[in-house]
Amino acid sequence: MSASATTAHPTLDELRAEALEAGRRPRRYGSWYVTEHFVRAMRAYGWTIVVGALGQPILYLLGLVAGLAALLDAPLSYQGVEVDYLVFVAPALLITAAVSVGTEELTYPVMSGFKWRRYFYGFNASPLSSGQIVNGCIAGAGARMLLAVAAYYLFLWLFGAVPNPETGWIAIGVGLLAGLAFGLPLLAYAGSLRDDTGQFALVQRFIFTPMFLFSGTFYPLDTLPLWLQWIGWISPLWHGSELGRAVTFGSELPAAMVAVHLGYLLLLAGGGYVLGRIVFTRRLAQ
Numbered sequence: 001m002s003a004s005a006t007t008a009h010p011t012l013d014e015l016r017a018e019a020l021e022a023g024r025r026p027r028r029y030g031s032w033y034v035t036e037h038f039v040r041a042m043r044a045y046g047w048t049i050v051v052g053a054l055g056q057p058i059l060y061l062l063g064l065v066a067g068l069a070a071l072l073d074a075p076l077s078y079q080g081v082e083v084d085y086l087v088f089v090a091p092a093l094l095i096t097a098a099v100s101v102g103t104e105e106l107t108y109p110v111m112s113g114f115k116w117r118r119y120f121y122g123f124n125a126s127p128l129s130s131g132q133i134v135n136g137c138i139a140g141a142g143a144r145m146l147l148a149v150a151a152y153y154l155f156l157w158l159f160g161a162v163p164n165p166e167t168g169w170i171a172i173g174v175g176l177l178a179g180l181a182f183g184l185p186l187l188a189y190a191g192s193l194r195d196d197t198g199q200f201a202l203v204q205r206f207i208f209t210p211m212f213l214f215s216g217t218f219y220p221l222d223t224l225p226l227w228l229q230w231i232g233w234i235s236p237l238w239h240g241s242e243l244g245r246a247v248t249f250g251s252e253l254p255a256a257m258v259a260v261h262l263g264y265l266l267l268l269a270g271g272g273y274v275l276g277r278i279v280f281t282r283r284l285a286q
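So for the sequence shown, our numbering puts the first residue at 1; every next one is plus one.
#1: From serine 126 to leucine 237, what does the alpha carbon distance come to, in whole angstroms?
#2: Provide the residue span of the beta strand (DSSP E) that contains glutamate 82, from first to last.
#3: Contact check, leucine 114 vs phenylalanine 120 under 8 Å by CB: the rounded distance?
#4: Hey, quick one: how far does the alpha helix (DSSP H) through tyrosine 60 stretch, first residue to last?
#5: Might you give, ordered along the chain, the residues of its own chain that have their beta carbon closer than 6 Å to the beta carbon of threonine 103, omitting 5 neighbours on each side?
#6: Do the CB positions of histidine 37 and glycine 160 come within less than 8 Å of each other?
#7: Given 8 Å as the limit, is there contact between the region 88-97 and the region 167-186, that is, 3 or more CB pairs closer than that?
#8: Which residues in the same chain have their Cβ closer than 7 Å to the Cβ of leucine 146, if we skip the five residues on either side of it in sequence?
#9: Are the beta-carbon atoms belonging to leucine 171 and threonine 248 less than 8 Å from one another?
#10: Roughly how many angstroms separate the alpha carbons of alanine 190 and leucine 275, rounded to a whole number?
#11: Please classify valine 258 as buried or exposed, where buried requires at least 16 other C-beta atoms within 10 Å of its C-beta.
#12: Should alanine 90 and threonine 217 be called a contact, given that it needs their Cβ atoms to be closer than 8 Å?
#13: Measure how close the beta-carbons of leucine 243 and glycine 232 come, nearest whole angstrom, since I'm counting them as under 8 Å.
#14: By Cβ distance, which residues of its chain are closer than 6 Å to glutamine 229, with the 5 residues on each side in sequence left out?
#15: For threonine 197 and tyrosine 45, I'd like the C-alpha separation in whole angstroms.
#16: So, with DSSP's three-state summary, where would you put serine 4?
#17: Would you mind reading off the limits of the alpha helix (DSSP H) that contains tyrosine 219?
#18: Can you grab the Cα-Cα spacing for the pair alanine 148 / leucine 54, in whole Å?
#19: Assign aspartate 84 to one of two classes, buried (16 or more other C-beta atoms within 10 Å of its C-beta) or exposed (fewer than that).
#20: Using the three-state DSSP reduction, which class does serine 77 fall into: helix, strand or coil?
#21: Thinking C-alpha only, which one of Ser241, Ala188 and Leu61 is nearest leucine 213?
#22: Under a Cβ-count criterion, where at least 16 other Cβ atoms within 10 Å of its own Cβ denotes burial, should methionine 1 be classed as buried or exposed?
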């Protein structure tokens with residue numbers, strides 16, 4: 001008897017079960033498939049990511065250590081703790097790195113998915129759901145944020161800018177939360193746009209830059225005039241920086257303010273996520 005005659009062919013029921021399992025797999029792991037797409041796509045500008053994650057903290061920290069901080073003789077007194085200027089600024093720079101990544105990864109790639117390359121529609125034509133597409137976008141951006149803040153924290157520690165390393169590592173999670181708090185509303189906004197007519201450039205110039213300058217990044221927020229302090233109050237960068245300072249050098253932050261800072265960041269991130277799912281679902285259904 002020939003070998004081909006003894007080969008067992010799958011039954012119709014087995015083929016049907018195999019097809020059903022193949023269809024269930026994207027439903028089960030769809031968010032990770034989309035995440036994998038975004039992470040693989042980042043390889044096209046991988047050196048930019050590496051240089052940004054490693055070069056930016058080195059340049060900022062060298063500039064502060066050898067430049068501005070060298071001009072300050074006395075330590076800075078902040079919330080009951082006297083610290084060097086570099087120690088004061090360092091957590092805010094870490095949070096800024098995460099917010100900057102969120103601004104990049106949750107704007108133009110989203111516009112590309114809907115308009116320029118339209119891969120979101122290809123995803124949606126498969127068993128993937130719109131919610132899984134949103135989850136994958138966020139997880140892909142979050143992976144790059146995590147790399148950026150982890151690299152930043154490493155250099156802060158090497159430069160001696162983390163007096164309390166036993167709790168300072170929590171700043172990595174705070175940075176990730178702050179990046180999502182700013183980036184997820186942008187994700188929803190980017191998903192609602194039909195054309196890019198410079199909106200993202202306006203966000204960079206008139207939202208991110210003022211937020212960076214007037215959110216207590218380089219000096220305590222209460223040293224600003226009251227008519228400018230509101231920028232920090234509504235900025236995820238200030239809320240994240242305050243939490244970062246509490247864990248890196250032990251600034252005396254009342255428990256009520258910890259709850260306010262965390263609650264505000266979670267509100268922005270959660271609200272942006274819900275809006276993002278609604279926007280993606282509506283647009284992919286058209």
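Glycine included, every Cβ here is placed at the ideal spot set by N, Cα and C.
A quick look at the data gives this:
#1: The alpha-carbon atoms of serine 126 and leucine 237 are separated by roughly 38 Å.
#2: Counting along the chain, the beta strand (DSSP E) containing glutamate 82 begins and ends at 81-83.
#3: It is phenylalanine, not leucine, that sits at residue 114 in the sequence shown. Their Cβ separation, rounded to whole angstroms, is 6 Å, which keeps phenylalanine 114 and phenylalanine 120 in contact under 8 Å.
#4: Where tyrosine 60 is concerned, the enclosing alpha helix (DSSP H) stretches over 46-63.
#5: Only Phe208 meet the Cβ criterion.
#6: Going by beta carbons, histidine 37 and glycine 160 fall outside the 8 Å limit.
#7: Yes, since at least three Cβ pairs between the region 88-97 and the region 167-186 fall closer than 8 Å, the two stretches touch.
#8: Answer for leucine 146: Leu176, listed in chain order.
#9: Checking the sequence, you will find alanine at residue 171 rather than leucine. Yes, the pair counts as a contact, with Cβ atoms nearer than the cut-off.
#10: Near 11 Å, if we compare the C-alpha coordinates of leucine 275 and alanine 190.
#11: Valine 258 is exposed by the Cβ-count criterion.
#12: Alanine 90 places its beta carbon 8 Å or farther from that of threonine 217.
#13: 14 Å between Cβ atoms; not a contact.
#14: Excluding residues within five positions, the ones whose Cβ falls inside 6 Å are Leu221.
#15: Approximately 24 Å between the Cα atoms of the pair.
#16: Caution is warranted here: a pLDDT of 49 is assigned to serine 4, below 50, making its placement in the model unreliable, and the coordinate value is therefore given only provisionally. Reduced to three states, the DSSP call for serine 4 is helix.
#17: Careful: tyrosine 219 lies outside any alpha helix (DSSP H) and carries neither H nor E.
#18: If I take the Cα positions, the gap works out to 8 Å.
#19: Buried, since its Cβ has 16 or more Cβ neighbours within 10 Å.
#20: Note: serine 77 maps to strand in three-state DSSP.
#21: For the set Ser241, Ala188 and Leu61, the Cα lying nearest the Cα of leucine 213 is the one of Ser241.
#22: With a pLDDT of 46 at methionine 1, under the threshold of 50, the modelled position of that residue is not reliable, and the figure given next carries that caveat. Counting the other CB atoms within 10 Å of its CB gives methionine 1 a total below 16, which places it among the exposed residues.
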